[in-house]
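Heads up: the sequence shown begins at 97 in this note's numbering, then just goes up one per residue.
Taking it in order: structure first as structure tokens, then the write-up.
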Amino acid sequence: MNRSLGYTVPTLLATAILLALGNNAAAQDTTPATSSDAPGKTPDGAPAAGKNQNLETIVVTGTRSAGRTVNSSLTPIDVISADTLLQTGTTDLPQALARLVPSLNFPNFYASDTFAFQRPFQLRGLSPDQVLVLVNGKRWHSGALLLTLGQLGQGSQGADLNTIPMSAVDHIEVLRDGASAQYGSDALAGVINVILKKGADGGDAQFSAGEYSAGDGMQWQASANFGVPLGGDKGWLRLAVDDINQDPTNRSRPDRRAGLAQLGVKFHSGITEFQAQNLFLNTQYNFTPDVQFYAFGHWSQRVGNPYAFFRYGSNYPAYASSSLLAVTKKLGPVFPDGFAPFEHGDAIDRSLVAGLRGTWNDWHWDVSANYGGNQVFYSTLNSINYALLYDTGSSPRDFYDGQLKAQQQTFDVDISREIRPSFLPNPVTLSFGAQWLRQSYDVKAGELGSYYVGTPGIVGGAQGFAGWGPANALSASRHDLSEYVQLETNLTDKLSGSLAGRHEDYSDFGSTTSGALSLRYDFTEAFALRGSLSTGFRAPTLGQQHYNAVTSTAQGVGNSLGLPPGIYLSGLVPVDNPLAKLLGATPLKPETSESITFGAVWNPTEALSASVDIYQITVDDRIAMSSTLSLATPSVIQYLAANGITNLQYSGVRYFTNAGTVRSQGIDGVGSYRADLGDSGTLTTTFSATYNKNKVTNVLPNPEVLNQLSGATFKRLDRNAILGLLADFAPRSKIILSETWENGHWSVTGSATRYGRITSYSSGPRSSTDPSYDDQVFPGKWIFDVAANYTVNRLKFTLGVDNLFNTYPATVIPSQDTNGVFPYSGASPWGSQGAFVYGKVQYRW
Numbered sequence: 097m098n099r100s101l102g103y104t105v106p107t108l109l110a111t112a113i114l115l116a117l118g119n120n121a122a123a124q125d126t127t128p129a130t131s132s133d134a135p136g137k138t139p140d141g142a143p144a145a146g147k148n149q150n151l152e153t154i155v156v157t158g159t160r161s162a163g164r165t166v167n168s169s170l171t172p173i174d175v176i177s178a179d180t181l182l183q184t185g186t187t188d189l190p191q192a193l194a195r196l197v198p199s200l201n202f203p204n205f206y207a208s209d210t211f212a213f214q215r216p217f218q219l220r221g222l223s224p225d226q227v228l229v230l231v232n233g234k235r236w237h238s239g240a241l242l243l244t245l246g247q248l249g250q251g252s253q254g255a256d257l258n259t260i261p262m263s264a265v266d267h268i269e270v271l272r273d274g275a276s277a278q279y280g281s282d283a284l285a286g287v288i289n290v291i292l293k294k295g296a297d298g299g300d301a302q303f304s305a306g307e308y309s310a311g312d313g314m315q316w317q318a319s320a321n322f323g324v325p326l327g328g329d330k331g332w333l334r335l336a337v338d339d340i341n342q343d344p345t346n347r348s349r350p351d352r353r354a355g356l357a358q359l360g361v362k363f364h365s366g367i368t369e370f371q372a373q374n375l376f377l378n379t380q381y382n383f384t385p386d387v388q389f390y391a392f393g394h395w396s397q398r399v400g401n402p403y404a405f406f407r408y409g410s411n412y413p414a415y416a417s418s419s420l421l422a423v424t425k426k427l428g429p430v431f432p433d434g435f436a437p438f439e440h441g442d443a444i445d446r447s448l449v450a451g452l453r454g455t456w457n458d459w460h461w462d463v464s465a466n467y468g469g470n471q472v473f474y475s476t477l478n479s480i481n482y483a484l485l486y487d488t489g490s491s492p493r494d495f496y497d498g499q500l501k502a503q504q505q506t507f508d509v510d511i512s513r514e515i516r517p518s519f520l521p522n523p524v525t526l527s528f529g530a531q532w533l534r535q536s537y538d539v540k541a542g543e544l545g546s547y548y549v550g551t552p553g554i555v556g557g558a559q560g561f562a563g564w565g566p567a568n569a570l571s572a573s574r575h576d577l578s579e580y581v582q583l584e585t586n587l588t589d590k591l592s593g594s595l596a597g598r599h600e601d602y603s604d605f606g607s608t609t610s611g612a613l614s615l616r617y618d619f620t621e622a623f624a625l626r627g628s629l630s631t632g633f634r635a636p637t638l639g640q641q642h643y644n645a646v647t648s649t650a651q652g653v654g655n656s657l658g659l660p661p662g663i664y665l666s667g668l669v670p671v672d673n674p675l676a677k678l679l680g681a682t683p684l685k686p687e688t689s690e691s692i693t694f695g696a697v698w699n700p701t702e703a704l705s706a707s708v709d710i711y712q713i714t715v716d717d718r719i720a721m722s723s724t725l726s727l728a729t730p731s732v733i734q735y736l737a738a739n740g741i742t743n744l745q746y747s748g749v750r751y752f753t754n755a756g757t758v759r760s761q762g763i764d765g766v767g768s769y770r771a772d773l774g775d776s777g778t779l780t781t782t783f784s785a786t787y788n789k790n791k792v793t794n795v796l797p798n799p800e801v802l803n804q805l806s807g808a809t810f811k812r813l814d815r816n817a818i819l820g821l822l823a824d825f826a827p828r829s830k831i832i833l834s835e836t837w838e839n840g841h842w843s844v845t846g847s848a849t850r851y852g853r854i855t856s857y858s859s860g861p862r863s864s865t866d867p868s869y870d871d872q873v874f875p876g877k878w879i880f881d882v883a884a885n886y887t888v889n890r891l892k893f894t895l896g897v898d899n900l901f902n903t904y905p906a907t908v909i910p911s912q913d914t915n916g917v918f919p920y921s922g923a924s925p926w927g928s929q930g931a932f933v934y935g936k937v938q939y940r941w
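Following this line, the structure appears as structure tokens:
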């Protein structure tokens, strides 16, 4: 795509290099121009005295200009320190970020299936895989899991921030602006850059434990980080480790239907039981004053047991599945009292980045290689395969479902230097480079019983989570070669700007070119306006292109399959699958975006700072999961049979599609004030707020073949996707007010977060005779967190409460609560677990 622009970046790159070489001698002989009027800088380029220390923090995300600070940034960026992350009380890195960055959402919904191992997040209302994650400026790999349930992030295959231990983090930079021109695919909404701790000095060890006020969900964590010198003062090695144990919670209630309420709670909805261990290494060694070796890498393992739906047994024929009753009729009573399957996942994450960087004749260069991979082994336990039991008379209770694996390798060359063109008053930072990227995705089949289908009419596959069979197994890969160039300078003492372009050539969908222009004008040292225009793209992940699976889904009254209420198998098939092609699937195209941001920065005093930015991001060819097409419709059955497909393994099918256009509009505001209270200490107030509105502005028409099938219920996007999953599934507004008081040995932090209202949309009318919808509005609520710290010598003690007033979301309306079993919506942005009380002890050296 954009092949007419394919030569733009290479041409600009060549011109920039010639310009740099042509100015090389002059650059060495010319005295640097200085200006005492440069905002936030002294004449020698050092941070100006009397400025807020956080505002003068050097940032590296979105810029390759040395010395760029938060205060002088051309685009909106949040810098969050490790201490600030720890003050949130959570052991969960993305959850800590969500409590500090208003435009980032990380809902704590009850976990189920693969969502238990990779919880999705949003930035500026966009999908998890539309946010690029970097570690020390290097591209982080995506997870192996494709999130397929109807929750936030449906259909995404993004990076997993939970694999990065908080003990390894020095600070995090969140760039709230499109950055594909700088970093390539995925950066449509922005960038999260995790900066690791470095150096040989210092360290800490910490232990924390907590429990929910309901008496469940016990959590404990032990962590440590420390550094050691290498070769005297030539280098260092830093190690961070943590060990986390999480007990489950359960907020389910009894099934209210006749004959079932007396059974008590049989289902499970809440936090999943899991254990996690993380190890992170970061090292640096100076071969010479101008050549430096660096490396960082990690190993992470997360083991968990999410629950599936409870299956009623043959003692309850009105509620048992027809397949179970058929098996019971043939073999005698099977599970007379029912059973609750659960899944067992073992996710292993690995990465290693190694490189050399240095300077030569004022050129700064960085050459690195990067490997990252995520591997998930999945099983279904305490289950049964009805079809296998019916056909053979026996079935295992535990099944190995198979394995998913995603890998990424990159090789990067980055070069930069300051050049001094005679026609500009200030030096220009020229940056250019190239990246070779290879990605692969593999699915390995599980054991026969996990996916066995067998006799038509009897539901096959392991109950709870059907395994991947030989037909689902795949091994796919692709590569990409990209080049970029960026120019950044202060055009005058008050006007600064940046221009960037990037060209990519993917082996599976072709080439694309992205560009970005950013400008900032400082009217005074205290007030500036800034804005940016950019285009971006996101390549469809290999999982979205090739993944296929069978899931077990509960269907209620009036479901789109046209079947009686019950649990049915539903298939997700890739676009190149023969069944998908017959039903209108076409090869996926990359998403493209246009982004505009305009804002103001105000720093009138050392103690007070504020910024506000408005934005609009338009994403074309948005990739989404289609609605489910019923395979029980006679016209569909006849059409498929006529084309050689007769043995359908599931009742419904869906696939990924370029569904249409989604527009995200919003405004972000951030402010802080630090008050000196004299002998009473200091009081730091931070206020941040966001308002975001997503809208699906265009949905592509149905494939023509489906319009010819009478009774087919397929839509590219159903009503829930158009109004909910791609629009209002997260709160439009979020406000965070935080106060931190410090005095001597004591400090107290309190925060109040208001989550705006959300709406849960049903997929369609209740039935053909009842055109009304079961929509529900959940009102906005305030959530309060508080923590008190006492420090003595090297020890720090913390006692805190998250969700201080034990606030729960509104209960779900009866038509949507699965017969009373699930009283709370999974869309609640703060979860439905209640208050969490915790304590910590930390030792620093």
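Glycine residues also receive a C-beta, built at the ideal position from the N, C-alpha and C atoms.
Since the model is a prediction, treat every value here as computed from it, not as a measurement.
task: Can you tell me which of the three DSSP states A123 falls into?
output: Residue confidence for A123 is low, a pLDDT of 38 falling below 50, so the modelled location carries little weight; the figure read from the coordinates is stated next. It is helical.
- prompt: With DSSP run on the structure shown, which of helix, strand or coil describes L675?
  reply: helix
message: Between which residues of its own chain and S921 is the CB-CB distance below 7 Å, once the five residues before and five after are set aside?
response: Once the five neighbours on either side are set aside, the close Cβ partners of S921 are S856, F874, P905 and V908.
message: According to DSSP, simplified to helix, strand and coil, what is M314?
response: coil
- prompt: Helix, strand or coil: which one does DSSP assign to R815?
  reply: helix
- prompt: Is it right to say A414 is buried, meaning 16 or more other beta carbons lie within 10 angstroms of its own, or is it exposed?
  reply: exposed
query: So is W456 buried or exposed if we call it buried at 16+ other beta carbons inside 10 Å?
result: exposed
task: Look at the alpha carbon of N788 and the alpha carbon of T782, and state the distance between them as a whole number of angstroms.
output: 20 Å
task: Determine the direct distance from the alpha carbon of S723 to that of L659, and round the result to whole angstroms.
output: 16 Å
query: Taking just the CA atoms, how far does V937 sit from N82?
result: This structure does not reach residue 82, given that the chain is present from 97 up to 941, and the question cannot be answered.
message: Taking the beta carbon of F825 as the centre, do at least 16 other beta carbons fall within 10 Å, making it buried, or is it exposed?
response: With 16 or more other CB atoms across the displayed protein chains lying within 10 angstroms of its CB, F825 is buried.
query: In three-state terms, what does DSSP make of G563?
result: coil
- prompt: Between S610 and S276, which are expected to be in contact by the criterion C-beta below 8 Å, what is the C-beta distance as a whole number of angstroms?
  reply: 4 Å
task: Output the distance between the C-alpha atoms of N321 and L520, rounded to the nearest integer angstrom.
output: 47 Å
- request: Kindly give me the distance between the Cβ atoms of H599 and S628, rounded to whole angstroms, as I take these residues to be in contact under 8 Å.
  value: Contact flag wrong, Cβ pair sits at about 20 Å.
Beta-carbon proximity of Q397 to I444, cut-off 9 Å: yes
- prompt: According to DSSP, what are the bridge partners of Q471?
  reply: Per DSSP, the beta bridge partners of Q471 are I444 and K501.
query: Between the beta-carbon of M502 and the beta-carbon of S238, is there less than 9 Å?
result: Residue 502 is actually Ala in this sequence, not Met. Their beta carbons are under 9 Å apart, which means A502 touches S238 by this criterion.
field: Span of the beta strand (DSSP E) around L704
entry: L704 to M721
message: Suppose only complete runs of 3+ residues qualify. What are the beta strand (DSSP E) ranges in the segment 360-416, listed by chain order?
response: 370-384 and 387-400
field: Distance, D898 Cα to V933 Cα
entry: 7 Å
- request: Name the residue from P925, Q804, L819 and K811 whose alpha carbon lies nearest to the alpha carbon of R850.
  value: P925
message: Is it the case that the segment 327-336 contacts the segment 371-390, given that we only count it when at least three CB pairs across the two stretches are under 8 Å?
response: Yes, the segment 371-390 is in contact with the segment 327-336.
message: Quick check on DSSP: helix, strand or coil for Q804?
response: The three-state reading of DSSP puts Q804 in coil, since its state is none of H, G, I, E or B.
query: Just curious, the alpha helix (DSSP H) that I733 is in, first and last residue?
result: P730 to A738
Cβ distance (whole Å) where R626 is taken to contact V697 below 8 Å: The beta-carbon separation of R626 and V697, rounded to 7 Å, stays under the 8 Å limit for a contact.
- prompt: Straight-line CA distance for S843 to G935?
  reply: Rounded to the nearest angstrom, the two C-alpha atoms are 15 Å apart.
field: Whole runs of the beta strand (DSSP E) within the segment 234-301, excluding any shorter than 3 residues
entry: 265-271 and 286-292
CA-to-CA distance, G327 to L544, given in whole angstroms: Roughly 55 Å between the two C-alpha positions.
message: To the nearest angstrom, how far is the alpha carbon of S776 from that of A318?
response: As the crow flies, the alpha-carbon of S776 is around 34 Å from that of A318.
- request: Could you have a look at H642 and say whether DSSP puts it in helix, strand or coil?
  value: helix
- request: Report yes if the C-beta distance between R215 and P203 is below 9 Å; otherwise report no.
  value: yes
- request: Could you spell out the range, first to last residue, of the beta strand (DSSP E) harbouring V231?
  value: Start and end: V227 to V231.
query: Taking the Cβ atom as the reference point for each residue, do D814 and T757 lie within a distance shorter than 9 Å?
result: no
message: Between A541, K590 and G550, which has its C-alpha nearest N568's C-alpha?
response: A541
task: Using 10 angstroms around the beta-carbon of L271, count the other beta-carbons present and answer buried if the total reaches 16, otherwise exposed.
output: buried
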